[in-house]
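Structure first, then comments.
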Amino acid sequence: HPLQCMCGNNMSVPLLAEAVTVSGTEKETAAAWLGRHHDCYPTATFKAIIDHEAKNGIPANRVMLGGFSQGGALSLYTALTCQQQLAGVVALSCWLPLHKSFPQAASASGNRDMPILQCHGEMDPMIPVQFGAMTAEKLKIIVNPQKITFRTYPGLMHSSCPQEMAAVKEFIEKQLPRI
């Protein structure tokens, strides 16, 4: 059955994956991440949006993906399996889903030199910081390690802080300068 993440005010949010791991010791399931043809429906949707924007005059190298938690995981997975060269990824408090399918999946990607900013709270109880650190190490194998920036924030739980948002702003402004 699908998992639910309980947020404030008794609101629940459905989770995409049945189980998530980057430690290599637990079984990694991909039921909701991968379909029959080893493609992720949300990933295919993002790729279609990137293609659509290119047809409207916005080249893929001016597109940056980003997200928090599952959104960050989905952004990483999409960018690493995307044929187009993207401007970068902002991945906050997340992990690399289906990490065992890399670097094979990324070898055909045009994003070996794509910059990635990954940030994580050191006190995150939902996605422990060690998952973020393991993801950063895996990313350094998949893409150019010089392009990976991993920052942690002491005392930060599964949320954001002004310092993290300043790092995101700086990263975006550097990777996507005004034209």
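Going letter by letter, the sequence shown gives residues 13 to 191 in the numbering used here. For every residue, glycine included, the Cβ atom is placed at its ideal position computed from N, Cα and C. Note that this is a predicted model, so its numbers are computed, not measured.
Exposure label - residue i; buried when at least 16 CB within 10 Å
i: Lys174; result: The question names Lys, but residue 174 in the sequence shown is Pro. When all chains shown are included, Pro174 counts as exposed.
i: Met126; result: buried
i: Asn68; result: exposed
i: Glu185; result: exposed
i: Glu176; result: buried
i: Lys59; result: buried
i: His64; result: exposed
i: Ile153; result: exposed
i: Ile253; result: Residue 253 falls outside the range modelled here, since the chain spans only 13 to 191, and no answer is possible.
i: Gln187; result: buried
i: Lys181; result: exposed
Which residues DSSP lists as bridging residue i, in chain order
i: Ile128; result: Val101, Ile160
i: Tyr165; result: Gly133
i: Met76; result: Gly100
Residues of its chain near residue i, where Cβ-Cβ distance is below 7 Å and the 5 sequence neighbours each way are ignored
i: Ala72; result: Ile62, Ala66, Gln96, Gln97, Leu98
i: Met135; result: Gly167, Leu168, Met169
Own chain partners of residue i with C-beta closer than 6 Å, once the 5 adjacent residues on each side are dropped
i: Gln130; result: Ala103, Ala148, Phe162
i: Phe183; result: Leu129
i: Pro54; result: Leu86
i: Met138; result: His170
i: Ala200; result: This structure leaves residue 200 out entirely; the chain is present only between 13 and 191.
Same chain, Cβ closer than 8 Å to residue i, neighbours up to 5 away in sequence not counted
i: Gly79; result: Ala85, Leu86, Ser87, Val102, Ala103, Leu104, Cys106
i: Val155; result: Leu92, Ala118, Asn123, Arg124, Asp125, Met126, Ile128
i: Thr57; result: none
i: Val70; result: A small correction: the amino acid at residue 70 is Ile; Val does not occupy that position in the sequence shown. Hits under 8 Å: none found.
Among the options, the one whose alpha carbon lies nearest that of residue i
i: Gln82; options: Glu176, Tyr165, Leu108, Ala178; result: Leu108
i: Arg190; options: Leu110, Lys159, Ile160, Arg74; result: Arg74
i: Lys112; options: Leu151, Ala56, Ser172; result: Leu151
i: Gln142; options: Leu77, Val180, Thr164; result: Thr164
i: Met76; options: Gly100, Ala145, Pro157; result: Gly100
i: Ala179; options: Gln158, His132, Pro140; result: His132
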